[in-house]
């Protein structure tokens, strides 16, 4: 148990984070690794945000109360009744229904719900439970991993990594439209300044659908064909989750490193770099389309490879060049820029550095590819981001290109 129960904690800063907190809590509390979110914002969800199993009891619906005026201060009986009516339409029929709210505990409302449950129990309908914010905090205090993720107590305070945002993709595309996405990225940048040990979650809608499909398959060990199908789906699910974890690690490198943040968020004052770069990193990470299908290619070389050999004599990735595939028209844009450079700058030739490439190519291809390449160096060459920085590898604009 953590010391969390002795403190007054404010609810998360958005209902999206509240839903993430509730999902984490019930997944651990009920030991349900296949807990799944149902639908997404804006969709008709029949009053259910999360579908879970409590032992053999399935499905159980969880409703995370969302309000325009966040966080919610009061939960009314009329709202509870309205959510129950929605949940009754859920297919398959729920076994239990939980309403999770940031409102303070209300003894009168609890009494009204007990009366509702007496009537529902007689008719064989699912029972309704309401957990207020104080109830939720007390339950979180029993699970240090959940507490350390969402609050500043519960585990080693140095490991406090609050959830700052959850970004969803569908068919490998970020669900937020351009302007919404731009605001979300800029907001997260500011949030990481306030909470530098925070983290962001990237989640595929297809992952949730696959979990739901796995849950529907009979787990009877006597059904061999069914078990084989279930195992194949679980293997697919594992690989999808590995992609999500990979992208989250890449994003953490970006947001937690001062130099990478500068190149992506602050170098260009028009603020257009970061949304384009991060969208490309995420969507390319989930996409099944092979980028090598782009016909033209440039090669990127680290600016000071001699410095990294001072750290260790042998590297497999760090001393190699990075191939970046682009379209023929974009390649022609590079050639035009090289041709026009002497005319604009008194006969001087280009140094062929990343900083001299057209903005569109830097944003869409070069910087996203470099960020992924740096992550690969870290994992395969077993070198830290700090060591890469000292060797000049994080000076993105100083990387050389050839074609």
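Numbering (the UniProt record's numbering), first residue to last: 1 to 403. Glycine included, each C-beta is placed from N, C-alpha and C at the ideal position.
Runs of the alpha helix (DSSP H) lying entirely within the region 63-119 and spanning at least 4 residues, in chain order: 77-87. Residue 322 sits buried, since 16 or more C-beta atoms from the chains shown fall within 10 Å of its C-beta. DSSP places residue 58 in the strand class (E or B) of the three-state scheme. Taking 8 angstroms as the upper bound for CB-CB distance, residue 205 and residue 182 are not in contact here, some 21 angstroms apart. Residue 78 counts as exposed, since fewer than 16 other beta carbons sit within 10 angstroms of its beta carbon.
No Cβ-Cβ contact shorter than 7 angstroms links residue 192 with residue 262. Each of 332, 356, 327, 329 was checked against the Cα of residue 341, and the nearest Cα belongs to 356. Around residue 56, the same chain offers no residue with a beta carbon nearer than 7 angstroms, after the five sequence neighbours per side are excluded.
Fully contained in the region 159-214 are the following alpha helix (DSSP H) runs of length 4 or more, in chain order: 178-194. Residues of the same chain with a CB within less than 8 angstroms of the CB of residue 32, apart from the 5 flanking positions on each side, are 26, 52, 53, 54 in chain order. The three-state reading of DSSP puts residue 391 in coil, since its state is none of H, G, I, E or B. Note on geometry: alpha-carbon atoms of residue 135 and residue 285 lie some 39 angstroms from one another.
Counting along the chain, the unbroken beta strand (DSSP E) around residue 301 starts and ends at 296-301.
Comparing alpha carbon positions, the residue from 209, 133, 215, 264 closest to residue 188 is 264. The Cβ atoms of residue 283 and residue 166 lie no closer than 7 angstroms to each other.
For residue 322, the enclosing beta strand (DSSP E) has its first and last residue at 322-326. The C-alpha of residue 112 is placed about 52 angstroms away from the C-alpha of residue 277. According to DSSP, residue 37 shares a beta bridge with 50.
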